[in-house]
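Numbering (the working numbering), first residue to last: 201 to 267.
Quick reminder that beta carbons are idealized off the backbone N, C-alpha and C, glycines included.
Report on the structure given below.
As structure tokens, then:
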């Protein structure tokens with residue numbers, strides 16, 4: 201892991217939940233808004249080890265654009 205900043209999960213407002221957690225150190229790696237069409241990850245989903253590991257993120261993004 202090579203990021204120097206993170207959003208602490210316990211600092212998130214009630215309408216945002218943590219969705220991804222690092223297996224290395226337990227740091228927050230992703231969030232989603234419960235009441236808004238917004239989500240984020242703190243890694244490069246396009247650089248996944250397998251061909252479809254993070255495809256669902258792109259599918260979710262496209263679905264948000266279409267809605």
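query                                                                                                             : result
Residue 216, buried or exposed, once every other Cβ within 10 Å from all chains shown has been counted against 16 : buried
Segment contact, 8 Å Cβ cut-off, at least three pairs: the segment 240-247 with the segment 217-231               : yes
Closest residue to residue 222 among 258, 208 and 250 (Cα-Cα distance)                                            : 208
Simplified DSSP assignment, three categories, for residue 217                                                     : strand
Sub-8 Å separation of residue 237 and residue 211 beta-carbons                                                    : no
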